[in-house]
Amino acid sequence: GAVVSQHPSWVICKSGTSVKIECRSLDFQATTMFWYRQFPKQSLMLMATSNEGSKATYEQGVEKDKFLINHASLTLSTLTVTSAHPEDSSFYICSARDPGRLNTEAFFGQGTRLTVV
Amino acid sequence: QKEVEQDPGPLSVPEGAIVSLNCTYSNSAFQYFMWYRQYSRKGPELLMYTYSSGNKEDGRFTAQVDKSSKYISLFIRDSQPSDSATYLCAMSAEGYNQFYFGTGTSLTVIP
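Here the protein sequences come in this chain order: A and B. So the first sequence is numbered by my numbering: it starts at 1 and just counts up by one. So the second sequence is numbered by my numbering: it starts at 1001 and just counts up by one.
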């Protein structure tokens, strides 16, 4: 199946610093990518929809100034957690849709575990 | 009311058992139904994809969709310890950009 690569798989950072997470579609061009957050034993919470060449669409309650999303190319979207705090510690997952495949099939990255200390 | 409801479990079964996982939903527009498997600290991987109503089988896995009842199921036959994971249902519709996920059901298959 299509491959979505997410990097890094885990990161520890100090409170107040910024962290960038990359999401790449390796064998297809993704016009749309999605960023999710997942708390332990809970489902995926959609944070934002990233559209290539335009501004991301954020879900209600998600601070766009804190979670900066850039989708500069058809194969790369980045999520930057700015001025991270311990409450931002979570599992962040991206997904991408391959427009050449089934209508709504989506593939997920491996996830990034962020720990803010 | 949530768009998608899924019993979080946890569900624990002996090896070889048949497992039944279910989701209900409220939006009658949903027509694409997916099951994802997620191992601990990993991203979800697509297991099954079904369009509209009916059954789909892939090896030990069978997905069923009953649109009249707004109910979908995933059956796992001859369950194996390697099937231990969280199973997430997801749904979408034509023209919908996002997916709607269930909370996930945690499954443990005991050897």
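Using N, Cα and C, we set each Cβ at its ideal position, and we do this for glycine too.
Where Gly-1054 of chain B is concerned, the enclosing beta strand (DSSP E) starts and stops at 1054-1058. Interface flag for Phe-1099 of chain B against chain A is set, since a Cβ pair is found closer than 8 Å. In this structure, the straight-line span from the alpha carbon of Gln-60 of chain A to that of Ala-48 of chain A is close to 9 Å.
Against chain A, the CB of Lys-1070 of chain B has no partner CB under 8 Å away; the residue lies outside that interface. For Thr-17 of chain A, no Cβ of chain B is located within less than 8 Å of the residue's own Cβ. Its chain contains Ile-12, Cys-13, Lys-14, Ser-15 and Pro-86 as the residues whose beta carbon lies nearer than 8 Å to that of Val-117 of chain A, once the 5 sequence neighbours on both sides are disregarded; these appear in chain order. Judged by DSSP in its simplified three-state form, Asp-88 of chain A adopts helix.
The residues Gly-16, Thr-17, Ser-18 and Lys-66, in chain order, have a CB closer than 8 Å to that of Ser-83 of chain A in the same chain once the five nearest residues on each side in sequence are set aside.
With contact defined as three or more Cβ pairs closer than 8 Å, the region 1036-1049 of chain B and the region 104-115 of chain A are in contact.
By the beta-carbon neighbour count (other beta carbons within 10 angstroms, threshold 16), Ser-1068 of chain B is exposed. Proximity to Leu-1088 of chain B across B:Gln-1080, B:Ile-1072, B:Tyr-1096 and B:Glu-1094 peaks at B:Ile-1072, based on C-alpha coordinates. Within the same chain, Ser-1020 and Thr-1062 come within 6 Å of Phe-1075 of chain B by CB-CB distance, once the 5 residues on both sides are set aside.
Fewer than three Cβ pairs drawn from the region 1020-1032 of chain B and the region 72-83 of chain A lie within less than 8 Å of each other, which leaves the two stretches out of contact. Our two residues, Ser-1052 of chain B and Gln-1064 of chain B, have alpha carbons roughly 10 Å apart in a direct line.
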